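*Asks:* Sending over a structure as C-alpha cells; questions will come in a sec.
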C-alpha cells in the first residue's frame, strides 16, 4: 500500500496505516465506509461485497474497526453479508482498554421490522450483545423475542430517523461510529448531514448492475476535502472529510 496524496508518502506499514485512519480524541465522530467498483456496483455476482474486495481493502476495514466504539449496519447488510461476532486481537484489546473503550466494537443493527437471522452465530455467539435499534410500531411479539437475543433500543415512530439513531448511540457513550451500509442507511445519514468522514474504496472491477445514487437528491450537497489517497494493486483508498470549517479534523492534510 502506498500513499499518493496525504500527510505521508511512500509505502505504509501497520503503524502508518493506523495513523492514516485516526479517530479524534474526546469527541463524537461518524465515518462511512463504502466499497464499490468503477461502474458503481457494491457487490459481485454472488451478491457479496467480499467478491469485489481485496486483502488491502480488508486490512483498511480492520484498521477502521480496530478502535471504534460501534459498527453500524442496516438489517439488509446483516442478512446479505452474514456478519460474525467482532473480537479484538489481544494487543488491540489492551490498547482499547487503555483508551477507555470496551473490549471490542459493538455491532449495531437498524431494523424497523426485526426480521433478523436470530439463530446465526452473530447473535448466538457474540461475547458482547449486539445492539438492535428498532421503532415503537414494531410487532410486540417480535420485540419480546429480540430482547432475548440483543440489547434493544426502541425509537418513537414508524421509521428509524438517522439523527435519532446516532443520538441514541451517543447517549450510550458510543462516540466512535463507523457505518458500513447498506445504501438506505448511508443515504439517511447523508441526508441528515451528520457524517464527518467518508472512506471510499474503488475496486478496479466492472461488475455491472451498479447504482451509485442511494437516496433522494440532497438540496445542499455537502462539500468534502480529500485527506488522503492510497493505492494498492489497482484499488484506490480515499478518505474524505466533510468540510465544516473545522480545524480540529483528525489527520487532515
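Numbering (the working numbering), first residue to last: 25 to 277.
Beta carbons are placed, not taken as given, at the ideal position from N, Cα and C, and that holds for glycine.
Quick caveat, the model's predicted, so the values are computed rather than measured.
Among residues of its own chain, excluding the 5 on either side of residue 187, which ones have a beta-carbon nearer than 7 Å to its beta-carbon?
*Replies:* 216 and 218
*Asks:* Going along the chain, which unbroken runs of the alpha helix (DSSP H) with 4 or more residues stay wholly within the stretch 92-121?
*Replies:* 99-105
*Asks:* Would you identify the three-state DSSP class for residue 162, choosing helix, strand or coil?
*Replies:* coil
*Asks:* Going by beta carbon distance, what residues of the same chain come within less than 7 Å of residue 68, once the five residues before and after it are set aside?
*Replies:* Cβ neighbours of residue 68 beyond the five flanking positions: 75, 76 and 231.
*Asks:* Determine the extent of the beta strand (DSSP E) in which residue 189 is found, giving its start and end residues.
*Replies:* Run containing residue 189: none in the beta strand (DSSP E); it sits in the alpha helix (DSSP H), 186-195.
*Asks:* For the 8 Å Cβ check, are there 3 or more pairs between the stretch 157-170 and the stretch 112-126?
*Replies:* no
*Asks:* Can you look up residue 81 in the DSSP assignment and give me helix, strand or coil?
*Replies:* helix
*Asks:* Are there 16 or more other CB atoms within 10 angstroms of the CB of residue 233, so buried, or fewer, so exposed?
*Replies:* exposed
*Asks:* Taking the alpha carbon of residue 62 as the point to measure from, which residue in 265, 256 and 226 has its own alpha carbon closest?
*Replies:* 226
*Asks:* Below 6 Å CB to CB, which residues in the same chain sit around residue 224 once its five sequence neighbours on both sides are set aside?
*Replies:* 58 and 262
*Asks:* With a threshold of 16 other CB atoms inside 10 Å of the CB of residue 6, please say whether the residue is buried or exposed.
*Replies:* For residue 6 there is no data in the structure shown, the boundaries of the chain being 25 and 277.
*Asks:* Would you say residue 97 touches the ligand COA, meaning its beta carbon is less than 7 Å from a heavy atom?
*Replies:* With respect to the ligand COA, the structure shown offers nothing to examine, as it has no ligands at all.
*Asks:* When you compare each of 170, 157 and 136 to residue 148 by their alpha carbons, which one comes out closest?
*Replies:* 170
*Asks:* Any idea what DSSP makes of residue 51, helix, strand or coil?
*Replies:* coil
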